[in-house]
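Below you'll find the structure, written out as structure tokens, and then a few comments.
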Amino acid sequence: MIRSGFWAMGGYARFVWPSIGFALAILAWNIWSARRHHARALLRVRRAIQMARSEES
Amino acid sequence: MWTWFHRLASPPHLYRTAAAWAPWLAFAAVILIGYGLVDGLVFAPPDYQQGDAFRIIYVHAPSAWLSLFGYTLMAVAGAVALIWRIKVGYAVAAAAAPIGASFTLSALVTGSLWGRPMWGTYWAWDPRLTSELILLFLYFGVISLRKAFEDPNRGDRASALLGIVGVVNVPIVHFSVYWWNSLHQGGTVMRLGKPEMPGSMLWPLLAMLAGFMCFFGAVLCVRVRAEILSRERQSTWVREVVAA
Chain V
774 MIRSGFWAMG GYARFVWPSI GFALAILAWN IWSARRHHAR ALLRVRRAIQ
824 MARSEES
Chain X
531 MWTWFHRLAS PPHLYRTAAA WAPWLAFAAV ILIGYGLVDG LVFAPPDYQQ
581 GDAFRIIYVH APSAWLSLFG YTLMAVAGAV ALIWRIKVGY AVAAAAAPIG
631 ASFTLSALVT GSLWGRPMWG TYWAWDPRLT SELILLFLYF GVISLRKAFE
681 DPNRGDRASA LLGIVGVVNV PIVHFSVYWW NSLHQGGTVM RLGKPEMPGS
731 MLWPLLAMLA GFMCFFGAVL CVRVRAEILS RERQSTWVRE VVAA
């Protein structure tokens, strides 16, 4: 049960919610960025393996 | 202790350790941040002076803490790499830099949003705020310097050196509120070993601090794995791991 006036945050809603939102956006960016970084690194290794195989054959 | 340290310095070992730790840290982060947000935003009572605006602390304090922790970790990893020529130190430093920079930005933005209703301004050239801004620029400097060299080894060494020199700013950020007159409040969680907050406000804050630490650890594991893959892509073990 959410307390009454929860969304209003005692009149500080325009400061509290953007702060929470920004911090959560930073967490989301970190997840996205780390996963993209890892996926790119994997792709680079796979390309290097493919190139090595094509050179062998 | 030294055996563990030497094993961790091996890229394949660190790669596998990071893979094993990441899901557990991510799971702990979801639980702790979820609990901290619900308890801090819904159940904790409003502050007697700041009202509900104080709830910004639940994202501001963990962000600020990680901004300092991230920089210290980056500097220590860089020093380990420079002194003992342990290459994974550069990988850890490179992985920690963007995460720490993002949390520094978060600390500055959330602090600014907290400052407006409490101090009447979004920004003041206050010692704590200014030193935190310098920390962000140091992060940008370290990240840029690594990419500025054609030779990645030189980039690693130069950025590690800047990281070590810049670590002097970390105690300045932390103690600025005690050394100079500051708008910013002093230590909140612990002061002379005694919490400044009642338990109903403190527990969600501790959960958020632990949750953000676990989150940092999980993201660091993923980034370290990516760095190791990039740096060791010519190694046989990487090719075997990726091909498997």
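If you read the protein sequences in the order shown, they are chains V and X.
So the first sequence is numbered by my numbering: it starts at 774 and just counts up by one.
So the second sequence is numbered by my numbering: it starts at 531 and just counts up by one.
Cβ atoms here follow ideal geometry from the backbone N, Cα and C, with glycine treated the same way.
The model shown is predicted, which means the values in this text are computed figures rather than measured ones.
Strictly below 7 angstroms CB to CB, what residues from chain X border residue i?
i: M824 (chain V); result: Ordered by position in chain X, no residue passes the 7 angstroms Cβ test against M824 (chain V), which lies about 11 angstroms from the chain.
Distance cutoff 8 angstroms, beta carbons only. Does residue i sit that close to anything in chain X?
i: A814 (chain V); result: yes
i: A801 (chain V); result: no
i: S792 (chain V); result: yes
i: S806 (chain V); result: yes
Residues of chain V with a CB under 7 angstroms from the CB of residue i: which are they?
i: L643 (chain X); result: F788, P791, S792
i: F670 (chain X); result: In chain order: nothing, as chain V lies at least about 15 angstroms away.
i: R537 (chain X); result: What R537 (chain X) touches in chain V: nothing, since even the nearest Cβ is about 22 angstroms away.
i: I629 (chain X); result: N803
For a cutoff of 8 angstroms on Cβ pairs, would you count residue i as touching chain V?
i: T640 (chain X); result: yes
i: R755 (chain X); result: yes
i: A626 (chain X); result: no
i: A479 (chain X); result: Limits of chain X in this structure are 531 at one end and 774 at the other, which puts residue 479 (chain X) out of reach.
i: G581 (chain X); result: yes
i: I561 (chain X); result: no
i: P647 (chain X); result: yes
i: L735 (chain X); result: no
i: R763 (chain X); result: yes
i: L759 (chain X); result: yes
i: L722 (chain X); result: Note on L722 (chain X): pLDDT 48, under 50, position unreliable in the model; the coordinate value appears next. L722 (chain X) does not count as touching chain V.
i: F667 (chain X); result: no
i: R769 (chain X); result: yes
i: V618 (chain X); result: no
i: S689 (chain X); result: no
i: P541 (chain X); result: no
i: S632 (chain X); result: yes
i: P575 (chain X); result: no
i: V749 (chain X); result: yes
i: V572 (chain X); result: yes
Let me know the secondary structure DSSP gives residue i once reduced to three states.
i: D582 (chain X); result: helix
i: D483 (chain X); result: In this structure chain X extends from 531 to 774, so residue 483 (chain X) is not present and cannot be described.
i: D656 (chain X); result: coil
Can you name the residues of chain V whose CB is closer than 8 angstroms to the CB of residue i?
i: L775 (chain X); result: As displayed, chain X neither begins before 531 nor continues past 774, which places residue 775 (chain X) out of reach and without an answer.
i: V752 (chain X); result: A807, R808, H810, H811
i: A773 (chain X); result: I822
i: S593 (chain X); result: A796, I799
i: F745 (chain X); result: L800, N803
Quick one: which chain V residues come within Cβ less than 9 angstroms of residue i?
i: H590 (chain X); result: S792, A796
i: R585 (chain X); result: M782, Y785, V789, S792, I793
i: V703 (chain X); result: Per Cβ cutoff of 9 angstroms: no residues; V703 (chain X) is ~18 angstroms from chain V at best.
Query raised in the report: So, do the segment 763 to 774 of chain X and the segment 569 to 583 of chain X have three or more beta carbon pairs nearer to each other than 8 angstroms?
Result: Cβ pair count under 8 angstroms is below three, so no.
**Report entry** the segment 799 to 819 of chain V contacting the segment 708 to 715 of chain X, beta-carbon criterion three pairs below 8 angstroms
**Finding:** Flag = no, the segment 799 to 819 of chain V and the segment 708 to 715 of chain X do not touch.
Query raised in the report: Using 8 angstroms as the threshold, is the segment 676 to 689 of chain X in touch with the segment 726 to 737 of chain X, meaning 3 or more CB pairs across them?
Result: In this structure the segment 676 to 689 of chain X does not lie against the segment 726 to 737 of chain X, because fewer than three pairs of beta carbons, one per stretch, are closer than 8 angstroms.
Query raised in the report: Does the pairing of the segment 747 to 758 of chain X with the segment 804 to 811 of chain V give three or more beta-carbon distances under 8 angstroms?
Result: Touching, yes.
Query - Inter-stretch contact (C-beta, 8 angstroms, three-pair minimum) for the segment 575 to 586 of chain X and the segment 735 to 750 of chain X - result: The segment 575 to 586 of chain X, when compared against the segment 735 to 750 of chain X, does not touch it at the 8 angstroms Cβ threshold.
Query raised in the report: If we count Cβ pairs, one from each stretch, closer than 8 angstroms, do we get three or more for the segment 614 to 634 of chain X versus the segment 821 to 829 of chain V?
Result: These segments do not touch.
Requested in this report: Decide if the segment 611 to 622 of chain X is in contact with the segment 654 to 664 of chain X; the criterion is three or more beta carbon pairs, one per stretch, under 8 angstroms apart.
Outcome: These segments do not touch.
**Report entry** Stretch-stretch touch, CB-based, cutoff 8 angstroms, three pairs: the segment 682 to 699 of chain X with the segment 638 to 650 of chain X
**Finding:** The segment 682 to 699 of chain X and the segment 638 to 650 of chain X do not touch, with fewer than 3 CB-CB distances between them shorter than 8 angstroms.
**Report entry** Contained beta strand (DSSP E) runs [length at least 3] in the segment 591 to 667 of chain X, N- to C-terminal order
**Finding:** You should have found no qualifying run.
Query raised in the report: Given 8 angstroms as the limit, is there contact between the segment 539 to 546 of chain X and the segment 780 to 795 of chain V, that is, 3 or more CB pairs closer than that?
Result: No, they do not touch.
**Report entry** Ranges of the alpha helix (DSSP H) found wholly within the segment 715 to 768 of chain X, counting only runs of at least 4
**Finding:** Uninterrupted alpha helix (DSSP H) stretches at least 4 residues long and entirely within the segment 715 to 768 of chain X occur at 729 to 761, given in chain order.
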